[in-house]
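So the sequence shown is residues 581 to 788, counted in my numbering.
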Amino acid sequence: PSREDGMQPTTVRGHLTLRKVGFAYPTRPDTPVLTDVSLVLEPGEIVALVGPSGGGKSTIAALLCRLYDPLEGSIALDETPYEQLDASWLRQQVGVVRQEPILFATTVAENIRYGRHAATDDQVRAAARAANAHTFIEAFPEGYATRVGERGVRLSGGQKQRIAIARALLKDPAILVLDEATSALDTESEHLVQEALDRLMQGRTTLV
């Protein structure tokens, strides 16, 4: 899906509606993952999807990010159908924190700034503080200029999650998708990550 000439509303309330959504992945068109799924997320509301592995939770997350379009039914943001919205603009409205965050083989600061390329150093640091990441970043010999390695190999799981949360805070999206964001962490990291997620979720429409 790549409608780059669609609508870019000036304000976003964060009201999401899935109506009778059906979906199968292109590689397995005969295997429906979602059938007749309807869901409403009110602005600022936190909604949790619970179910077994393979039940379609991450697929709904992917559809909300418009990585795919539904094969049946529709998705709307503030009553505007997804297919009428500019795809790049839409993805800027959705922040995602996954179980295994995507980090790039560059510096800590650049990984956080990927949420908003024009952000100042002070804004990057403020996001890191809110994500409970500033202290461990400053402890690195090169601080925010520390290179994280391919896929963040030099960071622990909890550190990677907090960098991803800082990135999402900097992006300041109206909609948040947390895809099993704390499931792979030890107890101490989970506490720090959960505290940061609680700050991130405030006032945003959140799917967990």
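Yeah, the Cβ is synthetic: ideal placement off N, Cα and C, and Gly gets one too. The structure presented is a predicted model; accordingly, all values stated were derived computationally and were not measured.
Reduced DSSP secondary structure (H/G/I, E/B, other) of residue i
{"i": "Glu652", "result": "strand"}
{"i": "Ala705", "result": "For clarity, residue 705 is Arg in the given sequence; the question names Ala instead. Helix at Arg705."}
{"i": "Phe603", "result": "strand"}
{"i": "Arg593", "result": "coil"}
{"i": "Thr785", "result": "strand"}
{"i": "Ser769", "result": "helix"}
{"i": "Gly675", "result": "strand"}
{"i": "Arg727", "result": "strand"}
{"i": "Ser763", "result": "coil"}
{"i": "Asp616", "result": "strand"}
{"i": "Arg749", "result": "Note that residue 749 is Leu in the sequence shown, not Arg. Helix, per DSSP."}
{"i": "Val755", "result": "Residue identity check: residue 755 is Ile in the sequence provided, not Val. In this structure, Ile755 counts as strand in the three-state DSSP scheme."}
Classification of residue i by the beta-carbon crowding that lies within 10 angstroms, buried from 16 upward
{"i": "Val542", "result": "In the structure as shown, the chain starts at 581 and stops at 788, and residue 542 therefore has no counterpart that could be examined."}
{"i": "Gln664", "result": "exposed"}
{"i": "Arg779", "result": "exposed"}
{"i": "Pro721", "result": "exposed"}
{"i": "Asp699", "result": "Here residue 699 turns out to be Ala, not Asp, going by the sequence shown. With 16 or more other Cβ atoms within 10 Å, it is buried."}
{"i": "Gly636", "result": "buried"}
{"i": "Pro753", "result": "buried"}
{"i": "His697", "result": "exposed"}
{"i": "Gln673", "result": "buried"}
{"i": "Thr639", "result": "buried"}
{"i": "Arg646", "result": "buried"}
{"i": "Arg705", "result": "buried"}
Residue i and residue j closer than 9 Å at C-beta
{"i": "Glu768", "j": "Thr762", "result": "no"}
{"i": "Leu614", "j": "Pro650", "result": "yes"}
{"i": "Ala707", "j": "Leu758", "result": "no"}
{"i": "Tyr694", "j": "Arg747", "result": "yes"}
{"i": "Gly737", "j": "Asp766", "result": "yes"}
{"i": "Val630", "j": "Leu756", "result": "no"}
{"i": "Ile682", "j": "Arg599", "result": "no"}
{"i": "Glu760", "j": "Gln679", "result": "yes"}
{"i": "Gly653", "j": "Thr785", "result": "no"}
{"i": "Phe716", "j": "Arg742", "result": "yes"}
{"i": "Pro612", "j": "Asp658", "result": "no"}
{"i": "Ala641", "j": "Leu787", "result": "yes"}
When the options are compared against residue i, the one with the closest alpha-carbon
{"i": "Thr597", "options": "Leu765, Leu735, Leu643", "result": "Leu643"}
{"i": "Ala776", "options": "Ser654, Ser638, Gln739, Thr785", "result": "Gln739"}
{"i": "Ala604", "options": "Asp616, Gly594, Ile717, His595", "result": "Asp616"}
{"i": "Tyr648", "options": "Ile692, Gln673, Val601, Gly634", "result": "Val601"}
{"i": "Gly586", "options": "Pro609, Thr660, Cys645, Gly634", "result": "Thr660"}
{"i": "Gly675", "options": "Ile745, Gln774, Gln741, Gly783", "result": "Ile745"}
{"i": "Met781", "options": "Pro623, Phe684, Asp701, Ser618", "result": "Pro623"}
{"i": "Gly783", "options": "Ala719, Glu625, Gln703", "result": "Glu625"}
Cutoff 9 Å: residue i Cβ touching any chain E Cβ
{"i": "Leu683", "result": "Among the chains in the structure shown there is no chain E, since it carries only a single protein chain."}
For the segment 660-678 against the segment 704-712, do three or more pairs of beta-carbon atoms, one drawn from each stretch, fall closer than 8 Å, so that the two count as touching?
no
On the three-pair Cβ rule with 8 Å, is the segment 723-734 touching the segment 675-692?
With a cut-off of 8 Å, the segment 675-692 and the segment 723-734 count as touching, because enough Cβ pairs lie within range.
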